[in-house]
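J.:
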Amino acid sequence: MDAPSSKSLPENAYIPLKPGETYTPIVTPDQTPPETTWRAIFWGTLLCVIFTVASAYSGLKVGQVMEAAIPISILAIGLARIYARRSTLLENVIITGIGGVSGSVVAGAIFTLPALYTLQLNPHPVQTIFICLAGGVLGVLFLIPLRRFFVREMHGNFPYPEATAITEVLVTGEKGGSQAKLLLQSTAIAAVYDFFVTTFQVWKEFLDFQFVPVMKTLADKAKIVVKFDAVAFILGLGYVMGLRSSMILVAGGVLANFVLVPLIWMIGQQVDGAVYPATIPIAQMSAEQIFRGYVRYIGVGAIATAGIFGIIKSLKIIAGSFSVAARAFKHGEGHATERTDRDMSIVTILIGVVVAALCIGIFFGTLSSSPTIFVAGLLLTLIFSFFFTSVAANAIATTARNPVSGMTMLTIIISCVVLLKFGLSGTTGMFFVMAIAGMVCTALSVSGQTITDLKAGYWCGSTPRAQERMKFIGVIFSAVAVGLTIVMLAKVFQFGEAAPGDTRVVLAAPQASIMQALVQGFMNEQPIAYILFGAGAMVAIVMEMLGAPALVFALGMYLPLELNTPALVGGWLSHVINRKSERLGGSRGRTIRERGVIIASGLMAGGALGGVFGAALRLFPWYAEDNIKTPFFDNDTISQMVSLALFVALCLYVWFDSLKAPKGEEEETVA
Numbered sequence: 004m005d006a007p008s009s010k011s012l013p014e015n016a017y018i019p020l021k022p023g024e025t026y027t028p029i030v031t032p033d034q035t036p037p038e039t040t041w042r043a044i045f046w047g048t049l050l051c052v053i054f055t056v057a058s059a060y061s062g063l064k065v066g067q068v069m070e071a072a073i074p075i076s077i078l079a080i081g082l083a084r085i086y087a088r089r090s091t092l093l094e095n096v097i098i099t100g101i102g103g104v105s106g107s108v109v110a111g112a113i114f115t116l117p118a119l120y121t122l123q124l125n126p127h128p129v130q131t132i133f134i135c136l137a138g139g140v141l142g143v144l145f146l147i148p149l150r151r152f153f154v155r156e157m158h159g160n161f162p163y164p165e166a167t168a169i170t171e172v173l174v175t176g177e178k179g180g181s182q183a184k185l186l187l188q189s190t191a192i193a194a195v196y197d198f199f200v201t202t203f204q205v206w207k208e209f210l211d212f213q214f215v216p217v218m219k220t221l222a223d224k225a226k227i228v229v230k231f232d233a234v235a236f237i238l239g240l241g242y243v244m245g246l247r248s249s250m251i252l253v254a255g256g257v258l259a260n261f262v263l264v265p266l267i268w269m270i271g272q273q274v275d276g277a278v279y280p281a282t283i284p285i286a287q288m289s290a291e292q293i294f295r296g297y298v299r300y301i302g303v304g305a306i307a308t309a310g311i312f313g314i315i316k317s318l319k320i321i322a323g324s325f326s327v328a329a330r331a332f333k334h335g336e337g338h339a340t341e342r343t344d345r346d347m348s349i350v351t352i353l354i355g356v357v358v359a360a361l362c363i364g365i366f367f368g369t370l371s372s373s374p375t376i377f378v379a380g381l382l383l384t385l386i387f388s389f390f391f392t393s394v395a396a397n398a399i400a401t402t403a404r405n406p407v408s409g410m411t412m413l414t415i416i417i418s419c420v421v422l423l424k425f426g427l428s429g430t431t432g433m434f435f436v437m438a439i440a441g442m443v444c445t446a447l448s449v450s451g452q453t454i455t456d457l458k459a460g461y462w463c464g465s466t467p468r469a470q471e472r473m474k475f476i477g478v479i480f481s482a483v484a485v486g487l488t489i490v491m492l493a494k495v496f497q498f499g500e501a502a503p504g505d506t507r508v509v510l511a512a513p514q515a516s517i518m519q520a521l522v523q524g525f526m527n528e529q530p531i532a533y534i535l536f537g538a539g540a541m542v543a544i545v546m547e548m549l550g551a552p553a554l555v556f557a558l559g560m561y562l563p564l565e566l567n568t569p570a571l572v573g574g575w576l577s578h579v580i581n582r583k584s585e586r587l588g589g590s591r592g593r594t595i596r597e598r599g600v601i602i603a604s605g606l607m608a609g610g611a612l613g614g615v616f617g618a619a620l621r622l623f624p625w626y627a628e629d630n631i632k633t634p635f636f637d638n639d640t641i642s643q644m645v646s647l648a649l650f651v652a653l654c655l656y657v658w659f660d661s662l663k664a665p666k667g668e669e670e671e672t673v674a
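Quick look at the structure:
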């Protein structure tokens with residue numbers, strides 16, 4: 004049966020359902036348009052490999068992984084037009100899903116595996132590939148039982164910023180008309196805006212308002228620093244998140260940066276020596292160093308505790324998902340569930356977990372001859388991967404930000420403590436811990452991307468089972484590509500810091516450098532900052548007692564403040580525009596709401612594209628940030644004021660274009 008003629012998302016796509024109400028996707032459950040075709044698999048796999056290789060290099064060089072899923076969704080729309088039979092909406096979902104795996108596998112790899120080279124452990128190429136592959140497979144397998152809870156049962160309760168942007172790109176691009184033009188317009192504006200501000204020295208990307216005397220005084224005397232990343236991507240992200248979620252996110256940042264940092268500074272500046280875990284006296288530290296040296300550990304503790312609460316809350320739904328799957332397997336899935344609610348069978352999932360566990364156990368067995376140690380490593384890998392899958396899904400569904408580095412740090416710390424108890428230390432212990440961390444990091448990164456893909460598919464009407472199967476294809480190709488890329492780069496470049504006598508060019512690999520320092524410190528049996536993790540746990544408990552989303556607040560504590568504050572501006576814009584649409588009501592109000600979401604999605608898509616283009620330029624030896632440099636860039640006051648003015652202009656664009664009603668727009672939106 005052909006896809007339905009209507010290409011608009013239903014009115015209840017982004018809001019909680021009323022009692023007895025159901026959500027009907029664009030492609031209804033009784034329709035079966037082409038989905039997992041060779042066309043979709045080919046393009047998805049090809050784009051997956053291309054983005055994997057490019058993301059691996061850019062991530063190791065500047066610490067940023069290319070945002071793959073949104074640009075690939077745009078490419079899918081373009082590729083659909085090169086065939087006599089245009090690709091269906093569901094084929095484009097598959098292309099995006101397979102290709103989008105690239106960024107998540109790369110994130111898991113570059114955060115951990117380069118540390119093996121800087122530690123002079125020199126892993127075999129097969130080992131690097133296996134670590135990525137095992138982690139990616141676990142991430143998909145452990146996420147599937149959570150799908151019904153996060154995607155279907157909690158419909159409208161999570162904003163899903165990235166999934167919203169992907170869905171709007173796919174649906175609006177296929178629909179055409181003035182809405183497609185609006186999406187292309189906002190995408191182009193954001194792409195140009197973010198490309199120049201993040202790639203060249205045209206105006207300041209980060210604002211700290213130090214040109215204002217009172218802000219300079221607060222920074223110097225109390226270590227209170229207000230920071231703001233003035234880019235289009237985060238503005239669009241905040242718009243889709245909404246006011247409440249963005250306010251809670253920023254509230255966590257306020258506690259971390261305006262309460263805890265000044266408090267630590269006030270007390271610690273009286274101490275002459277360094278206070279662990281920092282390595283220099285607090286009196287010599289900047290606000291950012293205090294945040295990274297102390298407060299971020301509190302954020303890690305808060306995230307971990309909030310994740311525990313999330314798992315407890317979802318246990319009933321998870322058990323229900325297993326029982327539904329079991330009934331479907333016993334009586335036949337075709338009779339038990341409709342196409343758009345059909346996952347891979349529970350038996351397949353369990354077999355997959357068992358096979359993956361056996362392979363991981365064998366892998367650990369090659370690293371240590373002690374059965375106790377490799378069993379402990381296997382259990383740590385499985386427990387952390389399953390536990391952090393829920394954390395990643397919740398974080399991505401709410402803020403589109405996955406606390407990968409924080410959860411990986413926690414994995415390294417606990418793994419070191421456990422394995423040291425069993426007598427494992429030295430280089431073998433470091434390799435063992437980093438292998439666990441690599442698998443867990445990849446698992447939680449892939450699970451976050453997978454929940455995004457499944458939510459986009461839910462809105463469009465994809466078959467979950469088909470999406471889940473295709474994820475494994477993406478994981479396999481991406482794991483091989485990133486493993487070989489890292490091996491190749493390790494021969495040509497140095498990771499981390501330059502070694503004496505080594506003339507090779509250095510790739511910073513910032514996250515892996517942090518993980519390396521962490522595993523070295525613990526394997527050398529340095530003390531653990533339990534009090535910081537415990538303080539974070541107490542913060543999460545307080546938030547739960549107040550009935551606020553603890554994980555969102557914890558993410559705000561953990562993420563740098565400059566990444567949170569622009570989201571609040573986007574959330575406020577969303578609030579005032581939606582209030583305006585409610586006052587007007589009818590088709591006019593609906594048009595305003597739709598235009599606002601389309602523009603915000605375009606800002607996210609364009610920002611991601613701009614970042615990809617900028618990262619691609621860094622692959623060329625002739626690139627330098629000052630290739631394009633404005634005369635006023637080095638003047639901090641003027642440069643920050645220009646940046647602020649342009650960001651305000653971007654906000655005004657969102658406001659006025661959301662309220663704009665071109666001729667025929669109301670009728671087209673209602674259609």
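Each number in my numbering comes from the position in the sequence shown (counting from 1) with 3 added on. Backbone N, C-alpha and C define an ideal beta-carbon position, used for all residues, glycine too.
To which residues does DSSP link residue 209 through a beta bridge?
T.: The residue labelled residue 209 in the question sits at position 206 within the sequence shown. According to DSSP, which records beta bridges pairwise, residue 209 is partnered with 232.
J.: By Cβ distance, which residues of its chain are closer than 8 Å to residue 77, with the 5 residues on each side in sequence left out?
T.: Here residue 77 refers to the residue found at position 74 when the sequence shown is read from its first residue. Around residue 77: 172, 176, 190, 608, 612.
J.: Determine the burial state of residue 35: buried for a count of at least 16 other Cβ atoms within 10 Å of its Cβ, exposed for fewer.
T.: Translated into positions along the sequence shown, residue 35 becomes position 32. So residue 35 ends up on the exposed side.
J.: Taking residue 241 and residue 445 to be in contact with their CB atoms under 8 Å, please state how far apart those CB atoms are, rounded to whole angstroms.
T.: Mapped onto the sequence shown, residue 241 falls at position 238. Mapped onto the sequence shown, residue 445 falls at position 442. The pair is not a contact, with the Cβ atoms about 28 Å apart (cut-off 8 Å).
J.: Measure the beta-carbon distance from residue 168 to residue 243 and round it to whole angstroms, keeping in mind my assumption that it falls under 8 Å.
T.: As a first step, residue 168 must be located in the sequence shown, where it is residue number 165. As a first step, residue 243 must be located in the sequence shown, where it is residue number 240. That belief holds up - the Cβ atoms of residue 168 and residue 243 are roughly 7 Å apart, short of 8 Å.
J.: Here's a check: name, in chain order, each residue in its chain whose Cβ is nearer than 6 Å to the Cβ of residue 52, leaving out the five neighbours to either side.
T.: Along the sequence shown, one-based indexing puts residue 52 at 49. Hits under 6 Å: 480, 484.
J.: Taking its Cβ as the centre, do 16 or more other Cβ atoms sit within 10 Å of residue 81, making it buried, or is it exposed?
T.: On the sequence shown, position 78 is the one that residue 81 refers to. It is exposed - the Cβ of residue 81 has fewer than 16 other Cβ atoms within 10 Å.
J.: Helix, strand or coil: which one does DSSP assign to residue 2?
T.: The displayed coordinates of the chain run from 4 to 674. Any statement about residue 2 would go beyond what the structure contains.
J.: Which same chain residues end up closer than 7 Å to residue 313 when comparing Cβ atoms and leaving out the 5 residues on each side of it in sequence?
T.: Residue 313 sits at position 310 when you count from the first residue of the sequence shown. Only 393, 394, 397, 554 meet the Cβ criterion.
J.: Could you give the first and the last residue of the continuous alpha helix (DSSP H) run that contains residue 470?
T.: Position 467 of the sequence shown holds residue 470. 467-495 is the extent of the alpha helix (DSSP H) around residue 470.
J.: Do residue 117 and residue 498 have their beta-carbon atoms positioned less than 7 Å apart in this structure?
T.: Within the sequence shown, the letter at position 495 stands for residue 498. Within the sequence shown, the letter at position 114 stands for residue 117. Cβ distance < 7 Å, so residue 498 and residue 117 count as in contact.
J.: Would you list, in sequence order, the uninterrupted alpha helix (DSSP H) runs of no fewer than 4 residues that lie entirely inside the stretch 86-159?
T.: If we require 4 residues or more, the alpha helix (DSSP H) runs fully inside the stretch 86-159 come out as 92-113, 116-121, 128-146.
J.: From what residue to what residue does the alpha helix (DSSP H) around residue 533 run?
T.: Here residue 533 is taken as the residue at index 530 of the sequence shown, counted from 1. That run of the alpha helix (DSSP H) goes 533-549.
J.: Are three or more beta carbon pairs between the stretch 382-393 and the stretch 279-297 nearer than 8 Å?
T.: Counting Cβ pairs under 8 Å, fewer than three are found: no touch.
J.: So which of 367, 198, 217, 238 has the shortest CA-CA distance to residue 604?
T.: Taking the first residue of the sequence shown as 1, we reach residue 604 at position 601. Here the closest residue by C-alpha is 238.
J.: Are the stretch 88-95 and the stretch 649-656 touching, with three or more C-beta to C-beta distances below 8 Å?
T.: With the cut-off at 8 Å, the stretch 88-95 and the stretch 649-656 do not touch.
J.: Can you confirm whether the stretch 218-228 touches the stretch 260-280 when touching is taken to mean that 3 or more C-beta pairs between the two stretches lie within less than 8 Å?
T.: Verdict: yes, contact present.
J.: What residue does the alpha helix (DSSP H) around residue 656 start on, and which one ends it?
T.: Here residue 656 is taken as the residue at index 653 of the sequence shown, counted from 1. 639-662 is the extent of the alpha helix (DSSP H) around residue 656.
J.: Grab the span of the alpha helix (DSSP H) containing residue 583 for me, first residue to last.
T.: The residue given as residue 583 occupies position 580 in the sequence shown. Where residue 583 is concerned, the enclosing alpha helix (DSSP H) stretches over 564-587.
J.: Rounded to whole angstroms, how far is the Cβ of residue 343 from the Cβ of residue 32, which I believe are closer than 8 Å?
T.: If you number the sequence shown from 1, residue 343 lands on position 340. If you number the sequence shown from 1, residue 32 lands on position 29. Their Cβ separation, rounded to whole angstroms, is 5 Å, which keeps residue 343 and residue 32 in contact under 8 Å.
J.: Can you tell me the Cα-Cα spacing of residue 524 and residue 428, whole angstroms?
T.: The residue labelled residue 524 in the question sits at position 521 within the sequence shown. The residue labelled residue 428 in the question sits at position 425 within the sequence shown. One C-alpha to the other measures close to 11 Å.
J.: Taking contact to mean at least 3 C-beta pairs separated by less than 8 Å, is the stretch 620-635 in contact with the stretch 246-265?
T.: Segments in contact, no.
J.: If distances are taken between C-alpha atoms only, which option among 308, 602, 159 comes closest to residue 548?
T.: Against the sequence shown, residue 548 aligns to sequence position 545. It is 308 whose Cα lies nearest to the Cα of residue 548.
J.: Less than 6 Å between C-beta atoms, sequence neighbours within five positions excluded: which residues of the same chain meet that for residue 186?
T.: Counting from 1 along the sequence shown, the entry for residue 186 is found at position 183. Taken in chain order, the residues that qualify are 175, 601, 605.
J.: Report the CB separation of residue 557 from residue 305 in whole angstroms; it is logged as a contact under 8 Å.
T.: Taking the first residue of the sequence shown as position 1, residue 557 is located at position 554. Taking the first residue of the sequence shown as position 1, residue 305 is located at position 302. The pair is a contact, with the Cβ atoms about 4 Å apart (cut-off 8 Å).
J.: How many angstroms separate the CA atom of residue 236 from the CA atom of residue 440?
T.: Indexing the sequence shown from 1 puts residue 236 at position 233. Indexing the sequence shown from 1 puts residue 440 at position 437. Between residue 236 and residue 440, the C-alpha separation is close to 29 Å.
J.: Beta carbon of residue 128, beta carbon of residue 495: below 7 Å?
T.: The residue labelled residue 128 in the question sits at position 125 within the sequence shown. The residue labelled residue 495 in the question sits at position 492 within the sequence shown. No, the pair does not count as a contact, with Cβ atoms beyond the cut-off.
J.: Mind checking which residues open and close the alpha helix (DSSP H) that includes residue 462?
T.: Along the sequence shown, read from residue 1 onward, the residue named residue 462 stands at position 459. Element bounds for residue 462: 429-463.
J.: Using three-state DSSP, classify residue 294 as helix, strand or coil.
T.: Looking up residue 294 in the sequence shown gives position 291. Reduced to three states, the DSSP call for residue 294 is helix.
J.: Judging by CA-CA distance, which residue of 60, 591, 142 is the nearest neighbour of residue 355?
T.: Reading the sequence shown from its first residue, position 352 is the one you call residue 355. Out of 60, 591, 142, 142 has the C-alpha closest to the C-alpha of residue 355.
J.: Thinking C-beta only, is residue 447 closer than 7 Å to residue 410?
T.: Working through the sequence shown from its first residue, we reach residue 410 at position 407. Working through the sequence shown from its first residue, we reach residue 447 at position 444. Yes.
J.: Anyone know if the C-beta pair for residue 105 and residue 54 falls short of 7 Å?
T.: Here residue 105 refers to the residue found at position 102 when the sequence shown is read from its first residue. Here residue 54 refers to the residue found at position 51 when the sequence shown is read from its first residue. Taking 7 Å as the Cβ cut-off, residue 105 and residue 54 qualify as a contacting pair.
J.: Can you have a look at residue 14 and say buried or exposed, based on whether 16 or more other CB atoms are within 10 angstroms of its CB?
T.: Mapped onto the sequence shown, residue 14 falls at position 11. Flag for residue 14 reads exposed.
J.: Quick one: Cα of residue 492 to Cα of residue 593, how far?
T.: Translated into the one-based positions of the sequence shown, residue 492 becomes position 489. Translated into the one-based positions of the sequence shown, residue 593 becomes position 590. Distance between the alpha carbons of residue 492 and residue 593 is about 51 Å.
J.: Using DSSP with H/G/I as helix, E/B as strand and the rest coil, what is residue 632?
T.: Here residue 632 refers to the residue found at position 629 of the sequence shown. Strand.
J.: Short check: CB of residue 713 to CB of residue 646, under 7 Å?
T.: Summary: the structure shown does not reach residue 713, with the chain confined to residues 4 through 674, and so no result is reported for it.
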